[in-house]
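Heads up, the working numbering is the position in the sequence shown plus 6, with the first residue counted as 1.
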Amino acid sequence: GISLPKFTWQEGRKRLPLIGCVLLLIVLVVALIILLYFWRGHTGIKYKEPVESCPIHAVRCDGIVDCKLRSDELGCVRFDWDKSLLKVYSGSSHQWLPICSDSWNESYSEKTCQQLGFVSAYRTTEVAHRNLASSFSISKYNSTLQESLY
C-alpha cells in the first residue's frame with residue numbers, strides 16, 4: 007500500500023511561526039478591506055463639482071458679476087505684448103479695447119498685475135497716444151479693472 011509521511015511534533019513546531027504569520031497577514035488584509043469599505047461608504051465625504059449658473063441676461067466683462075462662480079468676469083483683462091497696451095474686453099462692442107488714464111499709478115499696476123495672475127508689477131511706463139478709435143477710461147480703481155471703467 008501507500009504509506010503516508012509522518013510528521014513529528016518537532017517538524018510541526020518549526021512550521022508554526024510561518025503558519026501564524028500567514029494567518030496574521032490574512033487577518034490584516036481582511037481588516038484593511040473592511041476599514042476601507044467603511045471609510046469610503048460611511049464618512050459622508052463626497053466630492054461635488056461646483057456647478058456654474060448664469061442668468062439669461064448675463065453680460066461678459068461688464069464689471070458686474072452675473073454668474074454664481076464669476077465666470078462672466080474671468081479672462082476680461084490682458085496685456086497686448088506686441089503693442090505694450092493693457093486691454094479689457096468690451097462685452098457690449100465685443101472687442102478688446104486699450105485702457106487710458108491720466109491718473110494711473112503704481113497701485114493700479116499692482117492690482118492689475120495681480121488680477122492677471124502675477125505677484126506684482128515689474129515696471130509701469132506711459133505709452134504714447136496712438137490715435138485710437140476707441141478705448142476705456144479709468145479714473146478710480148475698484149476691486150477689478152473692468153469694474154473701474156467708464
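No residue lacks a Cβ here, since even glycine has one placed at the ideal position from N, Cα and C.
Practice prompt. Using the Cα positions of Pro61 and Leu92, report the straight-line distance between them to the nearest angstrom.
Written response: 29 Å
Worksheet item: What number of angstroms, rounded off, separates the C-alpha of Ser115 from the C-alpha of Arg66?
Response: Each residue's Cα considered, the two are about 23 Å apart.
Worksheet item: Name the DSSP beta bridge partners of Asp86, please?
Response: Leu91
Fill in: Own chain, CB closer than 8 Å to Ser107, minus 5 neighbours either side, in chain order
Taken in chain order, the residues that qualify are Tyr114, Ser143, Ile144, Ser145.
Worksheet item: Going by C-alpha distance, which of Cys119, Ser140, Ala139 is nearest Thr130?
Response: Cys119
Worksheet item: Between Phe124 and Asn148, what straight-line distance do the alpha-carbon atoms span, to the nearest angstrom?
Response: 18 Å
Discussion item. Taking the alpha-carbon of Glu132 as reference, which of Trp110, Glu153, Ser141, Lys74 has the nearest alpha-carbon?
Written reply: Trp110
Worksheet item: What runs of the beta strand (DSSP E), each 3 residues or longer, lie entirely inside the region 96-138?
Response: 101-106
Practice prompt. Give me the Cβ distance between Gly69 and Leu122, rounded to the nearest whole Å; I'm assuming they're in contact under 8 Å.
Written response: Between Leu122 and Gly69 the Cβ distance is about 16 Å, and since that is not below 8 Å, they are no contact.
Worksheet item: Among all the DSSP beta bridges, which residues are the ones paired with Leu155?
Response: Residue pairing by DSSP places Leu155 opposite Ile144 in a beta bridge.
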